[in-house]
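For reference, the structure discussed in these notes is given below.
Residue numbers (our numbering): 4 to 109.
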């Protein structure tokens, strides 16, 4: 099972694994691989940047995600979203709230 991994600079720590079931026979045409993501999610994540291509059949584990969950979601819906750990999410939310509050009183 092959997939491409994308990161989202606008949302640090978020990654999308996109299924590539026909790899390497799907490289002849230019494809918007992130088009498989729901439009609301894609708008929230922002512009994706390609990180790497993975052959999951050659791996037993991934650094930040459960490989079995990743494979299941890729087979089921064509993508898997990896969010940052909850402590990182909390820090990001607090920073955004503080920034919004600071702007309100400028």
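Heads up, the beta-carbon is just placed ideally off N, CA and C, and yes, glycines get one too.
Closest Cα partner of residue i within the set the options
| i | options | result |
| --- | --- | --- |
| residue 120 | 51, 63, 57 | For residue 120 there is no data in the structure shown, the boundaries of the chain being 4 and 109. |
| residue 37 | 62, 74, 94, 22 | 22 |
| residue 17 | 86, 103, 71 | 86 |
Coarse secondary structure for residue i, derived from DSSP in three states
| i | result |
| --- | --- |
| residue 80 | helix |
| residue 55 | strand |
| residue 10 | strand |
| residue 104 | helix |
| residue 98 | helix |
| residue 22 | strand |
| residue 67 | coil |
Integer-rounded CB distance, given that residue j should sit under 8 angstroms from residue i
| i | j | result |
| --- | --- | --- |
| residue 8 | residue 20 | 6 angstroms |
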